[in-house]
Amino acid sequence: MTSTASSPDTRQGQAPRDQRPSWQQRLRRFGHTTGPSSDVRERLVPPYVRPGPRVWQVLGVPPALAERIARWSGWGGPLLVTLMAGVMRFWHLGSPKAVIFDETYYAKDAWALVHRGFEVNWDKNANDLILQTHGHVTIPSDASYVVHPPVGKYVIGLGELMFGFDPFGWRFMTALLGTLSVLMLCRIGRRIFRSTFLGCLAGALMAVDGLAFVMARTSLLDGVLTFFVLAAFGCLVIDRDRVREKLAAALPADADGRVRPDAHTAEHTRLGWRPWRWAAGLMLGLATGTKWNGLYILAAFCVMAVLWDVGSRRVAGARHPYSTVLKRDTGITVLATVPVAIATYLLSWIGWILSPTDGSGGYFRNWAATDGRGGHWTWLFPDWWRSLWHYEYEVYKFHVGLSSPHTYMSNPWSWLIDGRPVSYFYESPSPGTDGCPADAGGKCAREVLAIGTPLLWWVACFAVLYILWRWFFRRDWRAGAIACGIAAGYLPWFHYQERTIFYFYAIVFLPFLCLAVAMLLGAIIGPPGSSDTRRVAGATGAGVLVLLIAWNFIFFWPLYTGTAIPIDQWRSRMWLDTWV
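Heads up: the sequence shown begins at 72 in my numbering, then just goes up one per residue.
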């Protein structure tokens, strides 16, 4: 028997590798595993998955062409998915030719903002006048009290400036950002999964989701918010990759060329100014400047970014990763996100700030010079700052106290199962009018219903459980990142059980649900190295599920686009009583 003193194992005094702590032993029955020992460079920067040669052989693709396809698929695949999404979103974008749902606020506020710098009060018959005159109306001068920041309305107004003050003009930018969100999701999914296929799958799922489709074709703020949140997440993912690449490049290699963890390198390597993290701060500022719930996402993403830094330093070999990150990385994380986001938010109010202070400017713009005069410390802050602070405080009181009942209000508990969608537009055209077939036998239904593709959202319920299991028991950072995005956009609404809230607020975490479903489908297909039988069975099951989701989107297409259909066909699509 070899004694401990003469053992070649230098980890003397430590438990053998297979003797894990008791909590790990208990978790093994649920699927907990520890990462395999490998070159730390591959753990820091995993390679992208490439299709095996057998795939190309089955498809009859020559090796040279297969190599070219693989080289260009990283952008070619996402662009094809985006093209499909864009065609659908811009198809008859101006229909219905009406001011639907909250477009009555945001379309007109956007037009006033890009011309006056602040929102105004419109006449009650303004909607009809705008549609009749193709937007050639006089903009009122009286300031209006609004409860959302200006960024999203500036974005909508940009489309109006380019294409006119009509339905196509005020929906153009939301359709464009909705299309670009699909492209970003494809690329983000490709980066975190290291798989072009899974990335494109996540984007394709978002392309055929009904809620994403309807929100992209309606000039509401939540689609704009989703774009900025997803862009911020993508910037942080790229920053994570750049950091890990720097650490991998800095680690020393042994005589065999194998890179191993090194405590000194991991704890002393400086990561630079990290421009992608600054870009994330800008995007989060724009998100908060669109709707205030961007603040929750800002906080969640900052915590996530710090934990990513801790994980990167630990993999590189840091003995004290938390203290190292606190000393070397936290400063730049806070500086590049919070102050940048605050500055961006304040800058978005520049039109209001520069408006007159004689009572003819923005709402509450003259508050500091009138009702806000006096006080011991007012000399410390300029009038515009005190007036804006008062305005924001009044808006906060409005939001927390909003409890007026609404026909389509819903509780967040019901969102994941499409419990209570929102009807944006409804008409009952007679046969032979507004697209209603002449032989319909009665009036038709023409509706724009903001509802997610039911099968996709119901599958997402299981996908959420899967990523939580994957994150908790397998310590998979990808599952944790997806869970963070869902939690940041979803959980805060449970704090406002008495507030008037709507299902379409869920659009902000929809991209992360699509990532979760793509990850679940990847698991169904099977990991690399699985037998052919396992992969064929898994691919068949996953493929059937995706086709059913696509069919479900097509089935509900009339309800997403306001297409007139006989009332019996409309009733056949009301699967739940709460959808009516």
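For each residue, glycine too, the CB sits at the ideal point set by N, CA and C. Here the structure is a predicted model, which means the values were calculated and not measured.
CB of residue i within 8 Å of CB of residue j, strictly
| i | j | result |
| --- | --- | --- |
| Ile259 | Val330 | no |
| Phe627 | Arg606 | no |
| Arg242 | Arg288 | yes |
| Ala558 | Leu487 | no |
| Glu174 | Ser266 | no |
| Tyr434 | Tyr467 | no |
| Ala635 | Gly523 | no |
| Leu411 | Leu322 | Reading off the sequence shown, one finds Val at residue 411, where the question assumed Leu. No; because the gap between Cβ atoms is not below 8 Å, this pair is not in contact. |
| Pro392 | Val405 | no |
| Leu318 | Leu581 | no |
| Phe284 | Phe496 | no |
| Ser383 | Arg315 | yes |
| Val300 | Val615 | no |
| Gly249 | Phe624 | no |
When the options are compared against residue i, the one with the closest alpha-carbon
| i | options | result |
| --- | --- | --- |
| Asp657 | Gly422, Leu586, Asn437 and Met375 | Absent from the model: residue 657. The displayed extent of the chain is 72 to 651, so no value can be given. |
| Ala621 | Leu164, Ala275 and Asp237 | Ala275 |
| Met590 | Tyr567, Ile403 and Ala273 | Ala273 |
| Arg313 | Thr297, Arg262 and Phe565 | Arg262 |
| Cys515 | Lys195, Arg384, Ala324 and Pro629 | Pro629 |
| Tyr561 | Arg491, Trp484 and Ser494 | Trp484 |
| Ala587 | Ala552, Gly422, Tyr631 and Tyr576 | Ala552 |
| Ala351 | Phe298, Glu338, Arg384 and Ala326 | Phe298 |
| Phe161 | His186, Pro238 and Val386 | Pro238 |
| Thr361 | Ala320, Pro346, Val295 and Thr604 | Val295 |
| Asn482 | Ile638, Ala577, His335 and Val279 | Ala577 |
| Leu366 | Ser426, Thr408, Ser501 and Tyr177 | Thr408 |
| Gln203 | Phe236, Pro427 and Val226 | Phe236 |
| Glu338 | Met375, Ile368 and Thr395 | Thr395 |
Per-residue DSSP class, three states only, for residue i
| i | result |
| --- | --- |
| Ala350 | helix |
| Glu498 | strand |
| Val519 | strand |
| Pro221 | coil |
| Ala550 | helix |
| Pro582 | helix |
| Val116 | coil |
| Ile140 | helix |
| Pro134 | helix |
| Ile424 | helix |
| Pro332 | coil |
| Pro637 | strand |
| Ala283 | helix |
| Ala324 | strand |
| Ala214 | strand |
| Val158 | helix |
| Thr81 | For Thr81, the pLDDT reaches just 38, beneath the cut-off of 50, and the residue's location in the model is therefore unreliable, leaving the point undetermined. |
| Val493 | strand |
| Val396 | helix |
| Val651 | coil |
| Leu111 | Checking the sequence, you will find Val at residue 111 rather than Leu. Correct three-state label for Val111: helix. |
Straight-line gap, residue i to residue j (C-alpha atoms, nearest Å)
| i | j | result |
| --- | --- | --- |
| Ala655 | Arg311 | With the chain represented from 72 up to 651, any question about residue 655 goes unanswered, as that position is not in the structure. |
| Gln640 | Thr209 | 43 Å |
| Ser252 | Gly148 | 15 Å |
| Gly611 | Ala554 | Correcting the residue type first, residue 611 is Thr in the shown sequence and not Gly. Approximately 27 Å, taken between the alpha carbons. |
| Met480 | Ser499 | 23 Å |
| Thr153 | Leu254 | 5 Å |
| Ala371 | Gly556 | 8 Å |
| Trp344 | Leu397 | 16 Å |
| Pro525 | Val377 | 36 Å |
| Ala534 | Pro492 | 21 Å |
| Ala302 | Ala169 | 31 Å |
| Ser431 | His163 | 39 Å |
| Gly165 | Ala521 | 17 Å |
| Ser458 | Thr449 | 11 Å |
| Val222 | Phe565 | 26 Å |
| Ala214 | Leu618 | 50 Å |
| Ile140 | Phe264 | 19 Å |
| His207 | Arg546 | 58 Å |
| Leu136 | Arg121 | 14 Å |
Bounding residues of the alpha helix (DSSP H) (the contiguous stretch that carries residue i)
| i | result |
| --- | --- |
| Leu272 | Thr267 to Ala278 |
| Phe469 | Asp454 to Gly472 |
| Leu406 | Thr401 to Leu418 |
| Val374 | Gly365 to Ala387 |
| Ser252 | Pro238 to Phe264 |
| Lys179 | Glu174 to Arg187 |
| Asp199 | Ala197 to Gln203 |
| Pro526 | Strictly speaking, residue 526 in this sequence is Leu, with Pro absent from that position. Looking at the DSSP string, the run of the alpha helix (DSSP H) that includes Leu526 is Pro525 to Arg545. |
| Trp622 | Asp603 to Phe626 |
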